[in-house]
Structure formats: structure tokens, C-alpha cells
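*Asks:* Note that the protein sequences, when read in sequence, are chains A and B. Just so you know, the numbering used here puts 481 at position 481 of the first sequence, and the rest follows in order with no gaps. Count along the second sequence from 1, add 1000, and you get the number used in the numbering used here. From the three backbone atoms N, C-alpha and C, an ideal C-beta is built for every residue, glycine too. Have a look at this one.
There are 2 protein chains.
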Amino acid sequence: MDSAYDFSTGSRAQYEVALPKAKDFTDHLNRVTKNRAASTLKELYKYQSVPGMIVMAGGIPHPEVFPFETLSATVLAHDAFPLDPPRVPKKNKSVLSWLFSLPKPTISFTIPKYAPKPTDATTIQLSSSLQYAAATGPPALPLFLREYVSKVYRPAYADWDVLVNVGATDGWSKIVNMLVELGDAILVEEWTYPSAENTFLAYECERVPVKMDAEGILPEILEKVLSEWDEEKRGKRRPRILYTIPTGQNPTGATMQLDRKKQVYEICSRFDVIICEDEPYYCLYTGEWTPKGSKSDRSVLEQRLLDSQKKEGPEGNEAYIKSLPPSYLNVDTEGRVIRMDTFSKTSAPGSRLGWITANPLFIERLTRISEVSTQAPSGFATAMTTVMLQQWGFDGYIRWLRGIKATYNMRKTWICDAFADTFHLEFNQNKSLFPNGTRTITCYSRQEPRNRWDEKRDAHHKPLVTFTPPTAGMFIFLGVHVSEHPDYHDLVKKGENATQILVQKLWTNLADNLVLFAPGWYFDAGGEHAIGGNGYGYFRLSFSIATYEETYQAVERFAKVLDKFFHVK
Amino acid sequence: MDSAYDFSTGSRAQYEVALPKAKDFTDHLNRVTKNRAASTLKELYKYQSVPGMIVMAGGIPHPEVFPFETLSATVLAHDAFPLDPPRVPKKNKSVLSWLFSLPKPTISFTIPKYAPKPTDATTIQLSSSLQYAAATGPPALPLFLREYVSKVYRPAYADWDVLVNVGATDGWSKIVNMLVELGDAILVEEWTYPSAENTFLAYECERVPVKMDAEGILPEILEKVLSEWDEEKRGKRRPRILYTIPTGQNPTGATMQLDRKKQVYEICSRFDVIICEDEPYYCLYTGEWTPKGSKSDRSVLEQRLLDSQKKEGPEGNEAYIKSLPPSYLNVDTEGRVIRMDTFSKTSAPGSRLGWITANPLFIERLTRISEVSTQAPSGFATAMTTVMLQQWGFDGYIRWLRGIKATYNMRKTWICDAFADTFHLEFNQNKSLFPNGTRTITCYSRQEPRNRWDEKRDAHHKPLVTFTPPTAGMFIFLGVHVSEHPDYHDLVKKGENATQILVQKLWTNLADNLVLFAPGWYFDAGGEHAIGGNGYGYFRLSFSIATYEETYQAVERFAKVLDKFFHVK
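Below you can see the structure in the form of C-alpha cells.
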């Protein structure tokens, strides 16, 4: 847990200087990005700090006319969320009593217009935060972020840097603006986040889906796509960008571990592909779900790491960081990874605050792009977030993330338990939905005669839905066995898109019964599928927002709708 | 002062329905903008509000894990700034005592995580503000903005709307992204804001400067440029966009009144040009400067309006709104005006909060662009700003603007008075700097023998600098008579760029003497000049930030540097 940056001085630690420097990726910049000039007015900045200088150069208002004199906040304490909440919430009159209604410890702070030490790099004051500022934001925030990146992601090259933005959507939009030419091809996971696609589809870009399993994209498929790319036949250059969500992938929930990342990185390096890792769910890596009363098949070491994570203090913090899947940055010796982080899941989405970690060339060009678009993120957001982080401290922030993670783990357990209590489950049956030995859960109706389950399974039992219990993020990606529907084969014979027709019908039935899932087809990147495929319809279920009772209600309603839909007797 | 929108219900008032609807400007959208699809995930929103629906469709965190429990602010009262501050600050030990050190009245508010009436359109609560949200922002803010646009700008067509953004730079960037094709030509003022140019220059756009006077662009020049445009010769289509800063233009300080706007609008309509009016300084329209001891040449009616503006209450508020130069929106019967407003000058630049007013087609496309880039502005900024506006109320906000305006007027008076006290002034002498009968002030050194000024002016007197006292904004655009410099003609003979060499030398002399002005060449749009031209070098002086004492110091240092530079004996 060395720090590449000394938080108090902002200087890089010695050891990191020994790492290689980033390669030159100039030829990845698009034409417009190469054209971008530094903001000419900003050149004046260097003169402005000369002592005694009367500055009449900038067009900035006097802070005395800012209406905001002080801003204050009450924020939860860094340890407000328990590390090991009970599996079932305690019953109480209030549905959310045990977790949410009890007052949690809080801290308060006030940000003045003028702070006592205005020139300290860590100072946040409204006269600066609410003033025009460099697109890099208030120095105190990148200072904190560099310490975080250095300690948690440990990039494998020396001269990386961070740049704040107004959230990962903005970050990705700026990356697309920096690298993409009209009509380019961009590598994506076979199921992916449609809003990320919308960013580049307008530029007439072709998405090139790569098949995946429960760890994400399959290296052999990626290699095949790239090595067999025929620029003449395709009418466009080989993809130079991979957009990927390695942890708690949206929508599949897939999480990629270190070995797979090494393989993907090696291929991307060979074919000169920039890896854009979008990691909103990184801190929500929760590990596997174990059914009630089952024994886990974890090794002794794995179990020890898990137990350590329930402890307060440095041991627990270190165990948590160790448990996180290493970032692509951790294998990035060349500087070809652009990582997107956001405060949306770790603080609040409405902050519109995130950051990019990348090589110095990309950071410089992205700064130019920011200067003529968003400029710095809102000073309200950076001031509030920075002071909160400072109040918690680095270790406190890690403890906060562990509390958040435990909360998501609890919610994930709720929904998996709800499936276990509502359906009859069979494990590891449907290899076709998640290949490569992924743990899967197939759900059967409890309406089917119970005693039959003691017999050898036979054709009478209809598998209804199958999913892999998520290890991160906030989603379950659930495959519906629409091929088991009585009308399926007739529809297929008629040449209809049976899967789409039936899954859409089921989705509407569900909405009519007051359960709203996200339709899987929203996330379909349009290629052939390794996960699922024909005969399987998909829903993405988010477990981030429903209460314990709502979660059970939703799964029970889902079971009833499924019974009716599949004509289960 | 009718309102097109009823603030409490958000519905349009009857009278505005009688106005024409916007024309169809679809053919102004560029190729990428035509490609943009609505964010598919957002389609789910309509189902989410069904009562009893268990929503597992979105990927949103539970507000309980937002660390922010409450946000509070202490803000200045709407009437914190006097309407008629004294011309010279009262002396005190503290340099800023009279204006700034006295405690000003404040109000305080706290925004809870959960408000009592969460579904009211005007409710601001952190569980919503800090959550993912539509790109249109929290409904309460556009409600306020529509009332403001309706009452202050009074657009001349019915179906305009507003869209929030993260400041005017972001707004302009999105407009460029919406309308501009690579290589387009864009109309700008002959002197203009370089950051606005940087936004489109990367797209290999050509700026087409239009000559101006103290009211801004000259209609006859605009018409000439458009009517004589030879698409074949130029290799590009006729300009379809005008970027303009009509009030307190940056850098010239020019302000355009209604009659001129009508002429420009008519030409733009005839040649199908979209008018993009960027109005950061609109509320800082302060009117003319009258030297100490001089009588104003205002008419009785003008004087009455000015006196009314010093009164508290509705009469003063109405006089203020009446005194503002009508927006291009006010003559826009077709919906071809895109207006950019920002809270940067009226609240604080670090808010990163502004809005666009435009026709419904443009608003819809800009919303799509926002969805894949910034999304909604930061909830910290919208929550704080909206509640502040609600606390002040509409009339209170107008009173706040009047206080701000009075403060800028005071600062403008300081710097003009400083010139009057430091130089010998002659009025309306140099027509060539600001054509069309603009009031100009030419400054002569006080080092020249005083008694000579009683004589008929002769060649011994070197005019040093000339400017037109600004009527809005925060800048003086000051022309230096570099052709009076002893080396000027020698340099010209040698074929050097004498103006540039000498003004750059003067700028450096000034910086060495601790006065930093913005160099005029930053703002040169690269065409022929009606304002100034060869033999004149320019500086832009901002009077928004310096204290009274600093203002005098700066002007005095400037005078000394000028004397030395021009070898005045």
C-alpha cells in the first residue's frame, strides 16, 4: 500500500519513477483532436500569481458578488454502514426499520467563502470553488484521486495522471470525441450498456460485439475478430478501441479477474487497441452468493480474506482492497488503458462527478476538450465531495466503500434468497447460458408436484429461468427459457421471431402485474451470443433500490406470472 | 409583465398561444445530430411512475447510500447590495470597508434528503437532486427559468423552451455539435471571445468576421458578406450560424439596441442564418458613464427611468427590466434564435450552470446531446441555485440582479473616474476607433504642460489611448495609439508589423510594472477592422475584480508606463 503520490505535497513517490513511461499514442488521436489548441486566454494564468500584480486580464467576477457565503453539509460517518449486516432484516412496524430508520452517525462541515490558508493545495473555499477555474478542477480533488488510484489500482507505468469530469457518461463522450473518426468500428461486449453505444453510434460507428462468458469478453474471440479483420471487405480500419465494463458488467454482471485481463491486454497491445474500462461498479465487487444452509466451496485462504473484510481497521481495509479484481491499469505497462471512474455509485449520481486515469498525452487532450465544453465540474460538487473525502480521510473513504459494498451484498443476498425461497433451484445445469463452467442457477416452478424432485429429473419439469448469481454490481441478468413456451415452436415454424415476441409478451405481463424489469434486448449489441442465444429471452433485474419486502414481492409476482405464462399446472 | 408560464403549474399563459409557432429548422441539423437516437433506457421512465410498481429496471442506487443527509447554505439577501452606492468608497482602515467588510444581510436554508411533498414540481430534495435524473434537470429549475424568459425576454413566438446546461461554454459546445459540419463558415464579430472560437476551430471551421461599431455588428456589412458569398470560390456553403454577444460584447463592450437587432434579424432571416446570442453580461447593462461634475445629456424620460431604477419595489424592478436592451428573442417570430444564459455572472461561475432558450426541435436535439455527454447539471448546483431562487422569489431575483448591476456600475465608474483623474481627457475625438458617432474618450498625458490645453490643440499633443466608456459588462476595450510611438514609422518602413511589436512591448512593460491587461490580439477574429485597425493596439481591461485603490493604482501605473513608452516629456 505504498502511495505513488504523497497526498500532502502532491509529489510522486520514488518507487513509481522506476516504472516505464507511457508509449506515444499520438496516432490514436482523431483529426479534430489533433486540431485542438490550448485555450489562449488560459496562457495568462502564469502571470496572474505574481505577488502584487493587479490583474485586469481575466473576465472573472469578484467573489464578493457570489451570493453563497457558506455551504454546509451533514454527511454520514465513514462507518455508518455495518460491514456484516444480518441476512434477514429485523422485523419492525417500519418496513425498513433496522437498516434505514435508525439514526446513523453523521459528521458536519461548513465551507467558508474565505478559508484561513487559501494557498494550501488542500484548501477548499467558496471564493475559489465557485470561481472560474482550470478544467482540471480544484487541486485538492486530484490530489486525493491520485492517492486513491495509486493505492487501489497501482498502475504499471509511471506517468499516468487523472482528470476530473462530470461523470462517466461525460468521460466516455470525451474519449469518443478524442479518438473516434466518423464510421470507425468499436469493440464492445456482446451485451452492453446502450447509453455508451449511443455516444458513438451517432458518429456512424459500427459496434463490433465480442462474445463473453461470466468473466466478460473471451480472449480467443477478441483475437479472432482482430486477426481476421479485413479492412477492404469491411470498408473500415480495424477497431482501435475496446469499450468494456470489467466489474459487474452491465447487464450481465460478469466480472473479469487478473489472468483474463492479462490475456485481453496482450491481445490489445498486439493489435494496438486502446482499452477503455468503464468501472462504475468496481467498489461493489461482493463475491459469490452462498444459499442459506449451504456450505461455501471457498478455500481456507479465500474464507480468511472474507473474514478479514468483516473487521474494522487497517486489516479489514487492506483485505477489501486485496479482494477487488485488479484494474486493467495494473497490467498496463504502456499507458493504453483509459479508466473511467465515477462518484455516482460511491457517493451520489447527481454529483455528476467522476474522473479519468490515462497517459499524459490523453489527459492533456482531454483537458483541451474540457476547456471548450464542460470546463471544470461544478464547484458545488467538487467542494462538497472533496471536503467530505478530506473529513473521512483516505482510510475512512475505504471504510465507507466497504460499507456500501456490504449494503449491495446484502441486497444481492435478498434477491438470491428470494429466488431460492420462491422457486425450486437446480445448480449448474444450463451450460449454454453461461459457458466456461460458470455457476448457474436454474429456477423451476414450485407448483410442479414437489415429490417429483426426489426422482431423477425428467422432461416434465420445465426450466423457467436461469441466471448466474452476480459477484458485483447491482444487476441480475436473467435468461428466460422461452423455448419451453407452448407457442414457441409454432411461432418458429411460422418464421416469426419467437424469442422476441414471447419475451416481450412476458415483459408486458410483468409490468401489468406491477413488476418492472429492464428488457434484455436493450442491451443486445447485435452480434451472435455466447451467453444465451436463440430460445432465451433476457431481463436485467436491478436489486439496488427495492426494499426486502419489495424484493420478495417482486420475485413472487414474477413466479406467478411465469407459471401462467408457461402454463405450469 | 405577463407570464407565459404560470410558475406554480408550469402551464403556458393564454396570450402566448396566440403567437406564431417556430418554423421547422430540421435542415440546419448536422449529419451526426440527425443520427442521434433517444436514449433507449429512458423509454422505461413512463412505466416507473405507475403507483405500486416495483421498479427493478433502472440501474440507480438507493438514496439511503448517498452520504449527504442535508445540505445548507447561507446566502446573501436579495437586497444585500445597494442600488445606488456612493461614487467614492468611504475611507476606513480596511481598504474595502464600506462595501465589503460590513456584514450584509443573509438568509439560510437547508435541503433535506426527503422533503414533505416530494411530488410537487417545485420540491427540491437531495434524494432526487443527487439521484440520476433526466437531462432536463429538476423540474423546479426550468419552471423558474421559463417564468424569467417569459417576463424578461418576451420571445416573439409561442413554443420556445429552455434546457439547462453546465454553463454557456457547454451550451455553445452543444450548439456547435448540433449544427456545424466539418469545415463550415461561422459568422463572428470582428473582435470576439477566443474560447468560443476554439470550440469550432477544431472542426476546421472558418470564422467570418463582421465589422462592428459600438452597437456591435454592422447590418450593411453582414448583408454584404452574405449576399456576396460565392460558395464555389470559397469552397464552402454560405454561413448558417452567427455567433454574437449583443450586450457588453467581449472584448469591445459594444451593446446592441432593438432597432439594430431588428435589422440583423431581418438579414439573418432572409439568408437563413441561426442567431446564437451568448449573453453572459446581459444583466450587467449599466448605461452610460458621466464624468464627475459633468451634466448628462440624457433626455427627461431617460433620466426618469434611471431614477426609477434606484427605487426599491415593483417600480424599480420594472424600470430595470425596461432598461435592458431587448433580447434577439424579442424579435424572433420564427424560432431562429438560440439564446445562451449563464449563472456565472449573476450567481457564481463555479456553479457551472446555465441554460439555452430555443425552438422545440433544437431543445429536443440538445437534450439528446446532453443525455450522452453531461446529462443533467450537477444536483449540488441545481439544488442550491434553485432553492436560493425560490427563497428570493422572482421579484427578489430581479432585485438581486439590480444590486449586482449597481455593483458593476460602481466599478465601471471607478475605472472611468480613475482615467479622468489620471489623464487629460478629450471627448469624441477619434472617430476612427469607434465609427458611427460613438462616444469616445481620448487620453493625453498630464505630463504635457497643462496650460497648453487652453490653446487650440496642436500636433504637440500625443493622444495616448482611446476608449469608449462601456455601457455593459465588465470590460474596457482600450485602443493604444501606437502610431504615435517614435519607432512606429521606422518599423513600418522596415516592413515589420509595427503595431503588434509595439503593443506587445507595451504589454510586457505593463506586466513588469505589475499591471496585467488582456492583450487585444487574443480577441482578433482575423479580418479587417472597423474598430481601430492599423496603428492601434488594443488591451482589454477588466474592472470586475480590482478594488477601488487597485483600480487607481493600475491606471496610475499605466499612465507612467505610457509616458515612458511614448517618450512624453
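1. With a CB to CB cut of under 6 Å and the five nearest residues on each side skipped, what residues in its chain are close to A:L222?
2. Whole angstroms is fine: what's the gap from B:A1319's alpha carbon to B:G1287's?
3. For A:W98, collect the residues of the same chain with a Cβ closer than 8 Å to its Cβ; drop the 5 residues on either side in sequence, then sort them by chain order.
4. By Cβ distance below 7 Å, which residues in the same chain neighbour B:R1411 in space, the five residues on each side in sequence not counted?
5. With 8 Å set as the bound, which would you pick, yes or no: does the beta-carbon of A:P349 sit closer than that to a beta-carbon of chain B?
6. If you draw a straight line from the C-alpha of A:Y203 to the C-alpha of A:G527, how long is it?
7. Tell me which same chain residues have a C-beta within less than 8 Å of the C-beta of A:Q390, skipping the five on either side of it?
8. I'd like to know whether the C-beta of B:H1062 is nearer than 8 Å to at least one C-beta of chain A.
9. Below 7 Å between beta carbons is the criterion; list the residues of the region 113-143 of chain A that meet it against any residue of chain B, in chain order.
10. Is the CB of B:E1204 under 8 Å away from at least one CB in chain A?
11. To be precise: take each residue of the region 65-85 of chain A, compare its Cβ to all Cβ atoms of chain B, and keep it if any distance is under 7 Å. Which residues remain?
12. Tell me, please, whether the region 1366-1385 of chain B touches the region 1126-1139 of chain B by the rule of three or more beta-carbon pairs shorter than 8 Å.
13. Once the 5 residues before and after A:S347 are set aside, which same chain residues still bring their CB inside 8 Å of it?
14. Give a yes or no on whether 8 Å exceeds the smallest Cβ distance from A:S97 to chain B.
15. Using the Cβ count rule (16 or more neighbours within 10 Å means buried), how would you classify A:E455?
16. What first and last residue would you give for the beta strand (DSSP E) that runs through B:Y1444?
17. Is B:R1304 helix, strand or coil when you go by DSSP?
18. So, at 8 Å on beta carbons, what are the nonlocal neighbours of A:K405 in its own chain, with the 5 sequence-adjacent residues on each side left out?
19. I need the straight-line Cα distance from B:L1562 to B:N1359, nearest angstrom please.
20. With a threshold of 7 Å on Cβ separation, who are the neighbours of B:I1363 within its own chain once the five nearest residues in sequence on each side are excluded?
21. Starting from A:G634, trace the beta strand (DSSP E) both ways and give me its first and last residue.
22. Run through chain B and tell me which residues come within less than 9 Å of A:P470, C-beta to C-beta.
23. If you follow the beta strand (DSSP E) that B:R1540 is part of, which residue opens it and which one closes it?
24. So which of B:K1494, B:D1512, B:L1514, B:V1480 has the shortest CA-CA distance to B:V1503?
25. Please tell me whether B:Y1047 has its Cβ less than 8 Å away from any Cβ of chain A.
26. So, are the CB atoms of B:M1178 and B:L1366 less than 8 Å apart?
27. Is the distance from the Cβ of B:G1167 to the Cβ of B:T1342 below 8 Å?
28. With distances taken from CA atoms, which of A:E220, A:R237, A:P194 is nearest A:Y243?
29. Pop quiz: B:I1369 and B:K1505 are said to be a contact at Cβ under 8 Å. What is the actual Cβ separation, rounded to whole angstroms?
30. Could you work out which residues of chain B lie near A:P377, taking near to mean beta carbons separated by less than 9 Å?
31. Taking Cβ-Cβ distances shorter than 9 Å, what residues in chain A pair up with B:T1169?
32. Could you list the residues in the region 1503-1528 of chain B with a C-beta less than 7 Å from some C-beta on chain A, going in chain order?
33. Report yes if the C-beta distance between A:G335 and A:Y153 is below 8 Å; otherwise report no.
34. Run through DSSP, which three-state label would B:E1223 get?
35. Of all Cβ atoms in chain A, is any one closer than 8 Å to the Cβ of B:V1050?
36. Starting from the beta carbon of B:R1399, find every residue of chain A whose beta carbon is closer than 7 Å, and list them in chain order.
*Replies:* Based on what the coordinates show:
1. Sequence-distant partners of A:L222 (beyond 5 residues in either direction) whose C-beta falls short of 6 Å from its own C-beta, in its chain, are V210, I267.
2. 13 Å
3. Reliability of the predicted coordinates at A:W98 is poor, the pLDDT of 49 falling under 50, and no value is obtained from them.
4. Setting aside the 5 residues that flank it on each side, B:R1411 is surrounded in the same chain by F1543, S1544, each with a C-beta closer than 7 Å to its C-beta; the list follows chain order.
5. A Cβ of chain B is located within less than 8 Å of the beta carbon of A:P349.
6. 20 Å
7. T122, I124, A140, F144
8. yes
9. S129, L130, Q131, Y132, A133
10. yes
11. Against chain B - using a Cβ distance shorter than 7 Å - the residues of the region 65-85 of chain A are V65, F66, P67, F68, E69, T70, L71, S72, A73, T74, V75, L76.
12. Contact holds: three or more Cβ-Cβ distances are below 8 Å.
13. Annotation for A:S347: L353, T385, M388 place their beta carbon closer than 8 Å to its own, counting only its chain and skipping 5 residues before and after.
14. Unreliable placement is indicated for A:S97, whose pLDDT of 48 sits below 50; the coordinate value is still reported in the next sentence. Not one chain B Cβ lies under 8 Å of A:S97.
15. Reliability fails at A:E455, whose pLDDT of 49 lies under 50, so the model's placement of it is uncertain and the value that follows must be treated cautiously. By the neighbour-count rule (16 or more Cβ atoms within 10 Å), A:E455 is not buried but exposed.
16. 1441-1444
17. helix
18. C283, L284, Y285, T286, Y320
19. 50 Å
20. D1161, L1163
21. Outside the displayed span of chain A (1 to 569) sits residue 634 of chain A, for which this structure offers no information.
22. Per Cβ cutoff of 9 Å: no residues; A:P470 is ~12 Å from chain B at best.
23. Unbroken beta strand (DSSP E) run through B:R1540: 1537-1542.
24. B:V1480
25. yes
26. yes
27. yes
28. A:P194
29. With 8 Å as the limit, B:I1369 and B:K1505 do not qualify as a contact, their Cβ atoms being about 45 Å apart.
30. V1166, R1352, S1378
31. E371, V372, S373, T374, Q375
32. A1511, L1514, V1515, L1516, F1517, A1518, Y1522
33. no
34. helix
35. Using a CB distance cut-off of 8 Å, B:V1050 counts as an interface residue toward chain A.
36. Those within 7 Å of B:R1399 in chain A number zero; the least Cβ separation is about 12 Å.
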